[in-house]
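Trainee: Residue numbers (the UniProt record's numbering): 1 to 485. In this text, a Cβ means the ideal position worked out from N, Cα and C, and glycines have one as well. As the structure is a prediction and not an experimental result, all values here were calculated from the model. Can you keep this structure in mind? I'll have questions shortly.
Dropping the structure here:
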């Protein structure tokens, strides 16, 4: 009885396949120089497949297919396969007639290898496919199909080559900074106002009680007294410019504008005890430019005809006749009544010097009288707020509204807009400064953020040629972004 048992065990040892000791062909492949890259809209994959440890039965064939598998979705993409063929299997494949066991393969010759066991062999594999965003976090595996092996398992497990196909989307970090404004040693400021005073026909004596002069002079008094009583500033001088309306001769109107400006200056000297040396008096005669602007903004039906006369008729005295002739004086009469009175005026520019302010003082003054501050003082006020706050940005907006011609103010508000992701607002300001080297790096950043890469490269290179080190780093960031994304 014991003998019989031993025989059964022996038979079992002989006939059962060594399933648990099965070595997968995948395990005999060595992957070297795996390279995965994204070039524009194409994903490229290359590798060397080392076959040195592969022991392939001469009647067997491996079909190896690289597969990209999404870890989150059902997306998958099989790449071009390659085959490793045993010697006998290769002979079968080479036969010109169909036979049992012959597999028809449509693979390119360069993707086939005839395995010579015990020798050094490798396959240089390369494939590409259109890029899709899901590929970034996908796996790359080798899927192997074995043909001609009676004892092999039906399916070999996938061989994982990488758990992430491509790096995460590269987010560039562009470098740009605010400009610290220079300290303004003497804060010279000025404000321009207009006094619409009435004079008797052909006269220049300033009569307080004539028509609406009392009301108009009260406005002048309020302005001057506010400035005089402000301890933070010192008035340095006045510039008064007289203007006349176009009716009458241009020569007489020129003289009239002079004398009316002089009478207004004399009034201010006497009323507010200013020295005559503080006044600069100018006269401009007929204010045709003012008339043109007023007509252009009006609803006059024939305003284009009036503007053309002003632009093309050089003789000022002849212009009146041409305007009268438009419609037998109808329009001219309206101009006399509704437009000309506003042209008879004295513009007065008051210049003053503002004292320096500390940060605490400036933080209050910026709310009511920002023109008394310098850009440097405003910059220090801004830095009392968190850089990502609306208050921080608002200071730079106030600065550029106060000093609209300042390149520093415009660049700093553009930086603030960029930091708040208001790219269009920043670009709108910077595009007016395209000839300013200080704006080139920022223009490059704005265009890069807008996806306008060609323009970004142009301005980064201009800034680099001008010695801007930040632009050099930004160009590298953009190039990496283009390559990765």
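Counting only runs that start and end within the stretch 19-94, where is the alpha helix (DSSP H) found for 4 or more residues in a row?
Mentor: Complete alpha helix (DSSP H) runs here, min 4: 87-94.
Trainee: Roughly how many angstroms lie between the CA atoms of residue 292 and residue 334, to the nearest whole one?
Mentor: Near 14 Å, if we compare the C-alpha coordinates of residue 334 and residue 292.
Trainee: Apart from the five residues on each side of it in sequence, which residues of its chain come closer than 6 Å, Cβ to Cβ, to residue 355?
Mentor: Cβ neighbours of residue 355 beyond the five flanking positions: 232.
Trainee: Whole-angstrom Cβ separation of residue 506 and residue 195, contact assumed at under 8 Å?
Mentor: Any answer about residue 506 is impossible in this case: the structure gives the chain only from 1 up to 485.
Trainee: Which whole-angstrom value describes the C-beta separation of residue 282 and residue 312, a residue pair presumed to lie in contact below a C-beta threshold of 8 Å?
Mentor: So it is not a contact: roughly 27 Å between Cβ atoms.
Trainee: Going straight from the alpha carbon of residue 204 to that of residue 260, what length do you get?
Mentor: Taking the straight line joining both Cα atoms gives about 5 Å.
Trainee: Return the Cβ separation of residue 63 and residue 145 in integer angstroms, given the expectation that the two are a contact with Cβ distance under 8 Å.
Mentor: That pair is a contact at about 4 Å.
Trainee: Give the secondary structure of residue 225 by DSSP, where H, G and I count as helix, E and B as strand, and everything else as coil.
Mentor: Three-state result, residue 225: helix.
Trainee: Using the Cβ count rule (16 or more neighbours within 10 Å means buried), how would you classify residue 344?
Mentor: So residue 344 counts as buried.
Trainee: Return the first residue and the last residue of the beta strand (DSSP E) that residue 241 is part of.
Mentor: Counting along the chain, the beta strand (DSSP E) containing residue 241 begins and ends at 233-244.
Trainee: Quick one: using the 10 Å Cβ neighbour count with 16 as the cut-off for buried, is residue 451 buried or exposed?
Mentor: With fewer than 16 Cβ atoms within 10 Å of its Cβ, residue 451 is classed as exposed.
Trainee: Rounding to the nearest angstrom, what Cα-Cα distance links residue 123 and residue 424 in this structure?
Mentor: If you take the alpha carbons of residue 123 and residue 424, they lie about 52 Å apart.
Trainee: Look up residue 351 in the DSSP assignment and give the residues it is bridged to.
Mentor: 190, 237.
Trainee: Can you tell me which residues form a DSSP beta bridge with residue 283?
Mentor: According to DSSP, which records beta bridges pairwise, residue 283 is partnered with 242.
Trainee: Check this for me: beta carbons of residue 463 and residue 471, under 7 Å apart or not?
Mentor: Yes, Cβ-Cβ distance for residue 463 and residue 471 is below 7 Å.
Trainee: Pull the bridge partners of residue 337 from the DSSP assignment, please.
Mentor: DSSP, once it has assigned bridges, lists no residue as partnering residue 337.
Trainee: In whole angstroms, what is the alpha-carbon distance linking residue 18 and residue 82?
Mentor: For residue 18, the predicted structure reports a pLDDT of 44, less than 50, and the residue's modelled location is therefore unreliable. The matter cannot be settled from this model.
Trainee: For residue 387, does the count of other Cβ atoms within 10 angstroms reach 16, so buried, or fall short, so exposed?
Mentor: It counts as exposed.
Trainee: Excluding the 5 residues flanking residue 49 on each side, which residues of the same chain have their C-beta closer than 7 Å to its C-beta?
Mentor: If we look at residue 49 and ignore the five residues flanking it on each side, its Cβ neighbours are 29, 31, 122, 123, 125.
Trainee: Is the stretch 471-483 touching the stretch 158-175, taking contact as three or more C-beta pairs under 8 Å?
Mentor: Cβ pair count under 8 Å is three or more, so yes.
Trainee: Measure the CB-CB distance between residue 58 and residue 34 and report whether it falls below 7 Å.
Mentor: Result no, Cβ atoms of residue 58 and residue 34 do not sit closer than 7 Å.
Trainee: For residue 480, list the residues DSSP reports as bridge partners.
Mentor: Per DSSP, none; premise fails for residue 480.
Trainee: Report buried or exposed for residue 43, applying the criterion of at least 16 other Cβ atoms within 10 angstroms of its Cβ.
Mentor: So residue 43 ends up on the buried side.
Trainee: If you run the structure through DSSP and keep just helix, strand and coil, what is residue 178?
Mentor: DSSP places residue 178 in coil when its eight states are reduced to three.
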